[in-house]
Amino acid sequence: MGKFKPYILVIFLSLIINLTPMMAQEIILIKTKNTTLALQVNTSNELSTIYFGASLDNDNEYGFIPPEYSQGTDYSGVYNATYTSSGSKNLLEPAIAVTHADGNTSLDLHYVSKTITSIGEGITQTDILLRDPVYPFEVHLFYVTYFENDIIEQWTTIKHSEKGEVILNKFSSANLYLKGSKEYWLNQYHGDWAQEMQSEETRLTHGIKVLDSKLGTRANLFQPPVFMVSLETPATENEGFVLFAGLEWSGNFRTDLELDPLNNLRIISGINNDASNYRLAKNVIFKTPKFWFTLSSQGKGFASRNLHNWATKYKILDGEGSRYTLLNNWESTYFDFDEAKLKDLIVDSRRLGVDLFLLDDGWFGNDYPRNNDDAALGDWDVNKKKLPNGIATLVETATNNNVGFGIWIEPEMVSPESNLYQKHPDWVIKQPDREEHYFRNQLVLDLSNPKVQDFVYGVVDDLFIENPDLAYIKWDCNAVIYNSYSKHLGANQSHLYIDYVNGLYKVLERVRAKYPKTPMMLCAGGGGRVDYAVLKYFTEFWPSDNTDPIERIFMQWEYSYFYPAIATVNHVTNWGKQPIKFKTDVAMMGKLGFDIVVEDLNEEDLEFCQNAIKNYSALSNSILHGALYRLQSPLKNDVASLIFVNKNGNEAVMFNYLVNNRYGSGSRNPIIIKGLDKDAHYLVEEINVYPNKEPVVISKAYSGDFLMKIGINPHVNLNNTSVVLKLTRI
Ligand code: DGJ
Numbered sequence: 016m017g018k019f020k021p022y023i024l025v026i027f028l029s030l031i032i033n034l035t036p037m038m039a040q041e042i043i044l045i046k047t048k049n050t051t052l053a054l055q056v057n058t059s060n061e062l063s064t065i066y067f068g069a070s071l072d073n074d075n076e077y078g079f080i081p082p083e084y085s086q087g088t089d090y091s092g093v094y095n096a097t098y099t100s101s102g103s104k105n106l107l108e109p110a111i112a113v114t115h116a117d118g119n120t121s122l123d124l125h126y127v128s129k130t131i132t133s134i135g136e137g138i139t140q141t142d143i144l145l146r147d148p149v150y151p152f153e154v155h156l157f158y159v160t161y162f163e164n165d166i167i168e169q170w171t172t173i174k175h176s177e178k179g180e181v182i183l184n185k186f187s188s189a190n191l192y193l194k195g196s197k198e199y200w201l202n203q204y205h206g207d208w209a210q211e212m213q214s215e216e217t218r219l220t221h222g223i224k225v226l227d228s229k230l231g232t233r234a235n236l237f238q239p240p241v242f243m244v245s246l247e248t249p250a251t252e253n254e255g256f257v258l259f260a261g262l263e264w265s266g267n268f269r270t271d272l273e274l275d276p277l278n279n280l281r282i283i284s285g286i287n288n289d290a291s292n293y294r295l296a297k298n299v300i301f302k303t304p305k306f307w308f309t310l311s312s313q314g315k316g317f318a319s320r321n322l323h324n325w326a327t328k329y330k331i332l333d334g335e336g337s338r339y340t341l342l343n344n345w346e347s348t349y350f351d352f353d354e355a356k357l358k359d360l361i362v363d364s365r366r367l368g369v370d371l372f373l374l375d376d377g378w379f380g381n382d383y384p385r386n387n388d389d390a391a392l393g394d395w396d397v398n399k400k401k402l403p404n405g406i407a408t409l410v411e412t413a414t415n416n417n418v419g420f421g422i423w424i425e426p427e428m429v430s431p432e433s434n435l436y437q438k439h440p441d442w443v444i445k446q447p448d449r450e451e452h453y454f455r456n457q458l459v460l461d462l463s464n465p466k467v468q469d470f471v472y473g474v475v476d477d478l479f480i481e482n483p484d485l486a487y488i489k490w491d492c493n494a495v496i497y498n499s500y501s502k503h504l505g506a507n508q509s510h511l512y513i514d515y516v517n518g519l520y521k522v523l524e525r526v527r528a529k530y531p532k533t534p535m536m537l538c539a540g541g542g543g544r545v546d547y548a549v550l551k552y553f554t555e556f557w558p559s560d561n562t563d564p565i566e567r568i569f570m571q572w573e574y575s576y577f578y579p580a581i582a583t584v585n586h587v588t589n590w591g592k593q594p595i596k597f598k599t600d601v602a603m604m605g606k607l608g609f610d611i612v613v614e615d616l617n618e619e620d621l622e623f624c625q626n627a628i629k630n631y632s633a634l635s636n637s638i639l640h641g642a643l644y645r646l647q648s649p650l651k652n653d654v655a656s657l658i659f660v661n662k663n664g665n666e667a668v669m670f671n672y673l674v675n676n677r678y679g680s681g682s683r684n685p686i687i688i689k690g691l692d693k694d695a696h697y698l699v700e701e702i703n704v705y706p707n708k709e710p711v712v713i714s715k716a717y718s719g720d721f722l723m724k725i726g727i728n729p730h731v732n733l734n735n736t737s738v739v740l741k742l743t744r745i
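All letters in the sequence shown, in the order written, are residues 16 to 745 by the working numbering.
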């Protein structure tokens, strides 16, 4: 007894060794209400993705998924690694590629452990540790599931303890697989100034399709980081299997969609590695941005409603709060204003009935006055000629008129004609020995430099210190990065695109730490800048300078798949020749504002706008917080139609717009409504009726059942180009 028996240890050890392969056959489930991502650890401790799709009824059956479904064959070289590394077994596009401190370029990541933590009600984080068996190099894969919203966020952290720096050549956030479909249909977006969110849908062929941006600042000007992939056939509003996804990163991004030889669709997304090799020092953690995705088996409408619910609850600043209606002076004055003119506009804001007056570009610069767009950015001192009594007197006038006061800034930028440029040329992103290139006559400040971060933060802080009643900020960003070079970064030039974005986030963190609530509009001359990382700091974004209402119907329609109405700023302006009613009705399907000369409105137009603003305020709970059902697309019909149904189903607002001006076009048939309670009865009334005109839709009560089977004809035609209906449960 008590005597050590070596043979027992041998038996015990051999048991452990024999058991290891069996124990290693672990399945990790990342689950939301309707979707499951199933990962498997194989006998060699490799982690692969065996399933991503609608959840199986029985969790124990994920183990039955046959290898031919979940993996390739040895000879094909295809292997569904959950985070594909370069230079070892994988032969397809990697999610991560590195050069080790000793120059070796191979990486193999093996499963080590996992931790599952509940981080909120219905929110679970899974942290999977992978490690290279040869090099001291590790990656954590993070998955956060928002169970009720069917959303998953995925990202990684990367660390090593090698003797020297490791170069990260590619460092994606996520690596997904879609499997089992004969066809994959990519719905992507492209654009330019005033042409944002142009949609294209194509069948993916074998090989790699890349969606990316290399613009630096307003990174999604040409291509936003959001997309959809339908399985088998393009999903419609209410039918089909479709993935919605996007990267939460406000800079260069890259998404590879590779249809591999075995018909897996491999989706790899992250920061764009172009010109951005990252030198990672020993024991420093490199964190990749989050990649969000949601899978719907009920078409695009269901996916977008899930996304909106998630975004308003977790991703957009004050996403469940209220929003100000406003009058902006950009198009009514451009740079040409003085104190008296602005005070008149503030009075006009009250007359119109909006909550706030927003002073746009042109209020700053003295040595180099901001009288057009070729000077003064960086010199944020109030222009004494235009505004001899400063901003304070405008804020006071606004307060006396019972409206808030907001102001425009573009703090990341510098004009070559400015004191800032002369004083701190080293703060400017530009090549030391090359000719300067300008985008809208301006250059970008180097936010990788902490001193520049202090300066940019100071622009905002000083405004608040001098004007404590400031109620709103419009944060613009009109230039992209040319001639990428940072004096501050020295030998680490390839860090600039990444450090710029992280520098921006640092500034915004500080702004929000001190001014947590003040609404801020994220503007970049249009939709050149919106994603779910930066919306943490902003209450809303400006989708496009193009405010022609016909164009806006199409653009807002596409944006609405990814961003909710409460975050999407729509202004009534002088763009387009349509009547003010049409313009206002279009702008009302999001966050409403005006950028018009109120004084030029005739009496009826003014009365119409005043009433529409009252209607909007009364209905904002439905429009800004309701569920959006797209009823009839502008792409295929004369009339575009959509409805917002409030959370308890008591009220809804249906917008109907004519998008085809040819003879005879209009809504000939009733439009079937969605999202109502079939057993309830609703009073349908037309609102936003132009003064002295009769409504075209007679007020009447219908059952939800009728409205969702037969529908209602909004009688939109060449005489009534837009009709807005209010539905109230009775
Ligand atoms: C671009 C914005 O999109 C416009 O609304 C306006 O603010 C101008 N910049 C001002 O320069």
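We treat Cβ as the ideally placed atom computed from N, Cα and C, and that holds for glycine.
- Counting along the chain, E168 sits inside the beta strand (DSSP E) bounded by residues I166 to H175.
- Closest by C-alpha distance to T99, out of V154, S680 and K651, is V154.
- As the crow flies, the alpha-carbon of V127 is around 9 Å from that of E61.
- The three-state secondary structure of F256, taken from DSSP, is coil.
- When the Cα atoms are used, E573 and R449 turn out to be separated by approximately 40 Å.
- Residue burial annotation: V587 is buried, with at least 16 other C-beta atoms found within 10 angstroms of its C-beta.
- Taking 7 Å as the cut-off, the C-beta of N278 does not count as close to any heavy atom of ligand 1.
- Only buried fits Q457, as 16 or more other CB atoms lie within 10 angstroms of its CB.
- If you keep only unbroken beta strand (DSSP E) runs of at least 3 residues inside the region 551-625, you get 584-587 and 606-609.
- In this structure, the beta-carbon distance from G543 to L236 falls below 8 Å.
- With respect to G368, Q625 sits close: the two C-beta atoms are nearer than 8 Å.
- In terms of Cβ geometry, L295 and I111 do not form a close pair [threshold 8 Å].
- Between I361 and L409, the gap from beta carbon to beta carbon is short of 8 Å.
- By the neighbour-count criterion, in which a residue is buried when 16 or more other Cβ atoms sit within 10 angstroms of its Cβ, E215 is exposed.
- DSSP places K224 in the strand class (E or B) of the three-state scheme.
- In this chain, the alpha helix (DSSP H) harbouring R525 covers L511 to K529.
- The continuous alpha helix (DSSP H) containing D476 extends over residues P465 to E481.
- Placement of the Cβ of D560 at a distance of less than 7 Å from at least one heavy atom of ligand 1 is found.
- In this structure, P431 and E451 form a Cβ contact; the two beta carbons are roughly 7 Å apart against a cut-off of 8 Å.
- By the criterion of a C-beta distance shorter than 7 Å, N589 is surrounded in its chain by E346 and I611, once the five residues flanking it on both sides are discounted.
- Rounded to the nearest angstrom, the gap between the Cα atoms of S337 and V181 is 47 Å.
- Counting other Cβ atoms within 10 Å of its Cβ, Y453 stays below 16 and is therefore classed as exposed.
- Proximity of the beta carbon of N493 to ligand 1 is indicated: a heavy atom of the ligand is located closer than 7 Å.
- For V244, the beta-bridge partners assigned by DSSP are L201 and L258.
- D375 has its Cβ nearer than 7 Å to a heavy atom of ligand 1.
- Cβ-Cβ separation between I166 and L322: approximately 7 Å, consistent with a contact (criterion under 8 Å).
- Assignment of M723 by DSSP, reduced to helix, strand and coil, places it in the helix class.
- For D441, the three-state secondary structure derived from DSSP is helix.
- If you compare the alpha carbons of E247, G285, P276 and L280 with that of E263, the shortest gap goes to G285.
- For D692, the three-state secondary structure derived from DSSP is coil.
- Counting only residues of its own chain and dropping the five nearest sequence neighbours on each side, D720 has a CB closer than 8 Å to the CB of K693 and D694.
- DSSP places H323 in the uninterrupted alpha helix (DSSP H) bounded by G314 to W325.
- In summary, Q437 is exposed, with fewer than 16 beta-carbon neighbours lying within 10 Å of its beta-carbon over all protein chains present.
- Put simply, the region 461-470 touches the region 512-525. At least three CB pairs are less than 8 Å apart.
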